Structures are given as structure tokens and as C-alpha cells.
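Student:
4 protein chains.
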Amino acid sequence: MAHLTDPERTQALVNRVRRIGGQLQAVERALEGGADCAVTLQRVAAVRGAVAGLMDEIMLDHLRAHVAAPGLSDAERQRGADELAAVLSRYAK
Amino acid sequence: MAHLTDPERTQALVNRVRRIGGQLQAVERALEGGADCAVTLQRVAAVRGAVAGLMDEIMLDHLRAHVAAPGLSDAERQRGADELAAVLSRYAK
Amino acid sequence: MAHLTDPERTQALVNRVRRIGGQLQAVERALEGGADCAVTLQRVAAVRGAVAGLMDEIMLDHLRAHVAAPGLSDAERQRGADELAAVLSRYAK
Amino acid sequence: MAHLTDPERTQALVNRVRRIGGQLQAVERALEGGADCAVTLQRVAAVRGAVAGLMDEIMLDHLRAHVAAPGLSDAERQRGADELAAVLSRYAK
Numbered sequence: 001m002a003h004l005t006d007p008e009r010t011q012a013l014v015n016r017v018r019r020i021g022g023q024l025q026a027v028e029r030a031l032e033g034g035a036d037c038a039v040t041l042q043r044v045a046a047v048r049g050a051v052a053g054l055m056d057e058i059m060l061d062h063l064r065a066h067v068a069a070p071g072l073s074d075a076e077r078q079r080g081a082d083e084l085a086a087v088l089s090r091y092a093k
Numbered sequence: 001m002a003h004l005t006d007p008e009r010t011q012a013l014v015n016r017v018r019r020i021g022g023q024l025q026a027v028e029r030a031l032e033g034g035a036d037c038a039v040t041l042q043r044v045a046a047v048r049g050a051v052a053g054l055m056d057e058i059m060l061d062h063l064r065a066h067v068a069a070p071g072l073s074d075a076e077r078q079r080g081a082d083e084l085a086a087v088l089s090r091y092a093k
Numbered sequence: 001m002a003h004l005t006d007p008e009r010t011q012a013l014v015n016r017v018r019r020i021g022g023q024l025q026a027v028e029r030a031l032e033g034g035a036d037c038a039v040t041l042q043r044v045a046a047v048r049g050a051v052a053g054l055m056d057e058i059m060l061d062h063l064r065a066h067v068a069a070p071g072l073s074d075a076e077r078q079r080g081a082d083e084l085a086a087v088l089s090r091y092a093k
Numbered sequence: 001m002a003h004l005t006d007p008e009r010t011q012a013l014v015n016r017v018r019r020i021g022g023q024l025q026a027v028e029r030a031l032e033g034g035a036d037c038a039v040t041l042q043r044v045a046a047v048r049g050a051v052a053g054l055m056d057e058i059m060l061d062h063l064r065a066h067v068a069a070p071g072l073s074d075a076e077r078q079r080g081a082d083e084l085a086a087v088l089s090r091y092a093k
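Residue numbers (my numbering), protein chains in the order written: chain U, 1 to 93; chain X, 1 to 93; chain B, 1 to 93; chain L, 1 to 93.
1) Assuming contact is defined by CB atoms lying nearer than 9 Å, are ALA68 (chain X) and ARG16 (chain X) in contact in what I supplied?
2) When the Cβ atoms of the segment 4–13 of chain B are set against those of the segment 80–89 of chain X, are three or more pairs found closer than 8 Å?
3) On the premise that ALA46 (chain X) lies in contact with GLN23 (chain X), defined as a C-beta separation below 8 Å, what is that separation, rounded to the nearest angstrom?
4) Can you name the residues of chain U whose CB is closer than 8 Å to the CB of VAL95 (chain L)?
5) Check this for me: beta carbons of GLU57 (chain X) and LEU13 (chain X), under 9 Å apart or not?
6) Could you spell out where the alpha helix (DSSP H) holding LEU24 (chain L) opens and where it closes?
7) Mapping the DSSP letters down to three states, classify GLY71 (chain L) as helix, strand or coil.
8) Please report the straight-line C-alpha distance between GLU76 (chain B) and LEU31 (chain X), rounded to a whole angstrom.
9) Reducing DSSP to helix, strand and coil, say where ALA50 (chain X) ends up.
10) Should GLY80 (chain B) go down as buried or exposed, given a rule of 16 or more other Cβ atoms within 10 Å for buried?
11) Taking 9 Å as the cut-off, decide whether the C-beta atoms of CYS37 (chain L) and ALA52 (chain U) are in contact.
12) Chain B beta carbons: is any one of them nearer than 9 Å to that of LYS93 (chain L)?
13) Rounded to whole angstroms, what is the Cα-Cα separation between ASP74 (chain B) and ILE20 (chain U)?
14) Is there a Cβ from chain L that is less than 9 Å from the Cβ of ARG48 (chain U)?
15) Which same chain residues, not among the five before or five after PRO70 (chain L), have their C-beta less than 8 Å away from its C-beta?
16) On the CB-based measure, 16 or more other CB atoms within 10 Å of its CB, does ARG18 (chain U) come out buried or exposed?
17) Using DSSP with H/G/I as helix, E/B as strand and the rest coil, what is ALA86 (chain U)?
18) For GLU32 (chain X) and chain B, any beta-carbon pair shorter than 9 Å?
19) If the criterion is Cβ atoms closer than 9 Å, does the pair ASP48 (chain U) and MET59 (chain L) meet it?
20) Examine chain B for any beta-carbon lying closer than 9 Å to the beta-carbon of ALA45 (chain L), and answer yes or no.
21) CB LEU41 (chain X) to CB HIS62 (chain B), shorter than 9 Å?
22) Out of curiosity, what's the CA-to-CA distance linking VAL39 (chain B) and ASP82 (chain X)?
23) Residues in its own chain within less than 7 Å of GLN78 (chain X) by CB, not counting five upstream and five downstream?
24) Can you pull out the residues from the segment 14–27 of chain B whose beta carbon lies closer than 8 Å to at least one beta carbon of chain X?
25) In chain L, what lies closer than 9 Å to GLU8 (chain U) by C-beta?
26) Starting from ALA81 (chain L), find everything on chain U with Cβ-Cβ shorter than 9 Å and list it in chain order.
27) Mind listing the chain B neighbours of GLN78 (chain L)? Cutoff is C-beta to C-beta under 8 Å, in chain order.
28) Can you give me, in chain order, the residues of the segment 51–64 of chain U that have a beta carbon less than 8 Å from any beta carbon in chain X?
29) Determine, using beta carbons only, whether ALA35 (chain U) comes closer than 9 Å to chain X.
30) Does any residue of chain L have a CB that is nearer than 9 Å to the CB of ALA12 (chain B)?
31) Can you tell me whether DSSP reads ALA38 (chain L) as helix, strand or coil?
32) With a threshold of 16 other CB atoms inside 10 Å of the CB of ARG29 (chain B), please say whether the residue is buried or exposed.
33) Does any residue of chain L have a CB that is nearer than 9 Å to the CB of ALA38 (chain U)?
34) Would you tell me roughly how many angstroms separate the C-alpha atoms of GLY34 (chain X) and LEU72 (chain L), rounded to the nearest one?
Below, the structure is given as C-alpha cells:
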């Protein structure tokens with residue numbers, strides 16, 4: 001993301017996405033292997049929770065970097081707020 | 001809310017809260033009247049959707065008034081962002 | 001709800017709805033009293049959590065009474081499952 | 001899943017999981033490529049919606065196959081309901 005100038009922060013988020021990818025593959029194995037329904041359900045619920053957490057982190061990064069950070073112009077703040085609003089509205093459904 | 005200096009905006013939110021109160025009383029009547037389960041379920045789902053919409057509006061009001069608005073100090077923006085972050089984290093679970 | 005033949009169970013759910021009504025009135029007071037934005041946000045988030053909990057309880061009551069309970073006909077179970085499915089789909093968005 | 005004796009149904013769910021995997025990789029590319037924040041936010045929101053939809057499908061499959069289906073014993077229905085309840089409670093938070 002444009003504000004992610006800190007390689008460590010970017011890598012932390014990338015690692016998080018890859019972990020979710022691994023959890024998703026565990027769902028695929030459960031489906032293909034005919035695993036017990038409850039196992040598959042729990043694995044999908046875990047993916048859902050992990051994605052919500054990732055979403056949360058990226059929204060807060062965006063809030064701090066593109067709306068609240070010192071030195072931004074009013075127009076930049078407005079744009080950052082609009083971008084967050086678009087996702088929040090979708091998220092709140 | 002502290003930034004709500006527009007009486008019309010405040011009244012619109014208060015009216016929205018009162019409508020949700022009315023929906024909630026409809027749930028109460030359904031429970032007490034032994035209404036069909038599906039009816040009660042649908043009414044509670046409607047309350048949940050209405051509260052999510054109210055939450056969305058108040059978060060966006062807060063974002064625009066306490067984080068993105070021109071003329072705020074860096075400290076005020078930081079505080080506004082922290083307040084939104086606290087609710088977002090709870091909201092994302 | 002039709003299966004709620006236990007007055008105590010019904011009263012417990014009614015009390016729960018009334019508590020949410022009280023929380024909602026606290027949101028209304030915060031709005032009208034120009035309370036701090038963060039306070040209003042937290043109160044709405046609390047209502048949202050309480051409604052989700054109520055929804056959860058009523059869905060599980062429905063699942064046990066109208067789908068899983070011994071002695072139901074296949075048609076009754078099918079109907080109970082359809083009613084739950086309608087709410088779940090709306091809930092999962 | 002144990003009740004998935006229909007290979008087509010299983011494949012449809014596996015395909016759905018793989019599509020989500022593709023969406024997740026798009027998030028990873030956005031992060032690594034320093035894409036615009038709004039793009040990354042929208043992509044994560046899309047993953048979240050897709051996972052919620054998958055969760056919905058698998059819960060309904062479970063409801064119909066392990067709780068409502070004709071011919072199940074009372075104990076099997078009870079177990080199916082308990083498994084769904086465990087996921088619903090987690091889901092409702």
C-alpha cells in the first residue's frame with residue numbers, strides 16, 4: 001500500500017495473508033478428503049476470523065497514514081476518509 | 001455527539017434510534033405473543049441490520065468531524081483516530 | 001415463539017430485549033446530550049453486540065426446537081431448516 | 001465433508017475455495033506492489049465477503065444433511081445441531 005514505506009510492516013501483512021492462504025488450503029483438504037463437517041465448518045470460521053483481523057489492521061493503517069497523519073493536505077485527508085468510508089459501508093452490512 | 005452542532009443532523013440520528021426502538025418492541029411483542037419463530041427471527045435480523053447501519057453512520061460522522069476535518073490539531077486527529085480504532089477493533093470481531 | 005412453551009425461557013428473552021432497549025435509550029441520551037463522540041460510538045457498539053447475542057440465542061432455540069427435536073415430521077424439519085436458512089443468509093452478509 | 005457424497009457438490013465448493021485463494025493472492029500482490037491503499041482495502045473486503053458466502057453455504061449444507069435430513073437418529077440430529085451451534089456462536093460475535 002502506498003503508505004507502506006516500512007518493508008517490515010509490509011512483510012508482516014504479507015505473512016499474515018500467506019497464513020490465511022494456508023488456512024484456506026486446509027479447508028480445501030477437508031472438503032476433498034471428506035473430513036467431518038464440523039472440522040470444515042471450524043476451519044472456514046477460522047479463515048473468516050483471520051480475514052476480519054487482517055481487514056481491521058489494514059483499515060487502521062489506512063486511517064493513521066491517510067487521514068490522521070500530520071502534514072497531509074485537507075484534500076488528501078478527504079480522499080483518505082472517502083476510501084475508508086467506502087470499505088466501512090460495505091463492511092457494516 | 002460533541003461535533004453535532006447541526007440540530008437537524010442530531011435529530012435525524014435520534015429519529016433513527018427511535019425507529020430501532022420500535023423494531024425492538026416488535027420483537028418483544030412477538031416473543032410475548034408466541035408469534036411464529038420465523039417472524040421473531042426476521043424481526044431480530046432487521047434490528048441487527050438497522051443497528052449496523054446506525055453504527056456505520058456514526059462512525060463516518062466521527063471520521064469526518066474528528067479525524068479528517070480541516071483545522072484540527074495533530075493531537076485532536078490522533079485522538080479521533082484512536083477512538084475510531086477502538087470501535088473498529090471491537091466491530092471487526 | 002411458537003415453541004416457547006416454557007414461560008421462564010420466554011421471560012428471559014423478553015428481559016434481554018428490554019435490556020437492549022435500555023442500552024438504546026442510552027444512545028439516544030448521548031446523542032441529545034451532545035456527549036463525547038467516543039461514548040456514543042461505544043454505546044452503539046454495545047447495542048450491536050447485544051443484538052448479535054440475542055440473535056444467536058433465538059437461532060439456536062429455533063434450531064433445537066424446530067429442526068433437531070425428536071418427534072418432528074420430515075416436513076416440519078424441512079420448514080424449520082428453511083426458516084433458519086433465510087435468516088442465516090441475511091446474517092452472513 | 002462426510003455428507004458430501006455428490007462429487008459435483010464437493011467440486012463446486014472446492015472451486016469456490018480456490019477462487020478465494022486467487023483473491024487472496026491479489027491482496028498479496030497489492031501489498032508487495034505498493035498498490036494504492038484503497039485497492040488493497042477493497043480486495044480484502046472482497047475476500048471477507050467471499051468467505052462469508054462460503055461459510056453460509058457450508059452451514060446450510062450441514063443443517064440440511066446433518067440435522068434436517070429424513071432418516072437420521074435423534075442422537076445424530078443432536079450432534080449435528082451442536083456442531084452448528086458451536087460455529088454459529090463464534091460467527092455471531
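Just so it is clear, CB atoms sit at the ideal spot from N, CA and C, and this is done for glycine as well. Please read all numbers here as calculations on a predicted model, not as lab measurements.
Tutor: Checking against the coordinates, here is how it stands:
1) No, the pair does not count as a contact, with Cβ atoms beyond the cut-off.
2) Judged by Cβ distances under 8 Å, the segment 4–13 of chain B makes no contact with the segment 80–89 of chain X, as fewer than three pairs qualify.
3) At roughly 6 Å, the Cβ-Cβ gap stays under 8 Å, so GLN23 (chain X) and ALA46 (chain X) are in contact.
4) The structure shown has nothing for residue 95 (chain L), since chain L only spans 1 to 93.
5) Contact: yes.
6) In this chain, the alpha helix (DSSP H) harbouring LEU24 (chain L) covers 7–32.
7) Three-state result, GLY71 (chain L): coil.
8) Cα to Cα, the separation comes out at about 21 Å.
9) DSSP places ALA50 (chain X) within a helical segment (H, G or I) once states are collapsed to three.
10) Taking all protein chains in view, the Cβ of GLY80 (chain B) is crowded by 16 or more other Cβ atoms within 10 Å, so the residue is classified as buried.
11) No, these two residues do not count as a Cβ contact at 9 Å.
12) Confidence in LYS93 (chain L) is poor, its pLDDT being 49 and thus under 50, which makes the residue's placement too unreliable to answer from.
13) When rounded, the distance between both Cα atoms is 39 Å.
14) Put simply, the CB of ARG48 (chain U) is near chain L, with a gap under 9 Å to one of its CB atoms.
15) So no residue of the chain qualifies.
16) In the assembly as shown, ARG18 (chain U) is an exposed residue. Its beta-carbon has fewer than 16 other beta-carbons within 10 Å.
17) Here ALA86 (chain U) sits in helix by DSSP.
18) With respect to chain B, the C-beta atom of GLU32 (chain X) has a partner C-beta closer than 9 Å.
19) Correcting the residue identity first, residue 48 (chain U) is Arg in this sequence and not Asp. Not closer than 9 Å, so no.
20) No Cβ of chain B is located within less than 9 Å of the beta carbon of ALA45 (chain L).
21) In contact: LEU41 (chain X) and HIS62 (chain B) (Cβ atoms closer than 9 Å).
22) Between the C-alpha atoms of VAL39 (chain B) and ASP82 (chain X) there is a straight-line separation of about 13 Å.
23) Correct list: empty, nothing qualifies.
24) Of all residues in the segment 14–27 of chain B, VAL14, VAL17, ARG18, ILE20, GLY21, LEU24, GLN25 and VAL27 have a Cβ within less than 8 Å of some Cβ in chain X.
25) Within chain L, no residue has its beta carbon less than 9 Å from that of GLU8 (chain U); the closest one is some 13 Å off.
26) Here the premise fails: no neighbours, minimum Cβ distance about 11 Å.
27) In chain order: ALA68.
28) Taking a C-beta cut-off of 8 Å against chain X, the contacting residues of the segment 51–64 of chain U are ALA52, GLY53, MET55, ASP56, MET59, LEU60, LEU63 and ARG64, listed in chain order.
29) So no, ALA35 (chain U) is outside the interface.
30) No, ALA12 (chain B) lies away from the interface with chain L (no Cβ there is under 9 Å from its Cβ).
31) The three-state secondary structure of ALA38 (chain L), taken from DSSP, is helix.
32) Its Cβ having fewer than 16 others within 10 Å, ARG29 (chain B) is exposed.
33) Interface residue, yes.
34) Our two residues, GLY34 (chain X) and LEU72 (chain L), have alpha carbons roughly 29 Å apart in a direct line.
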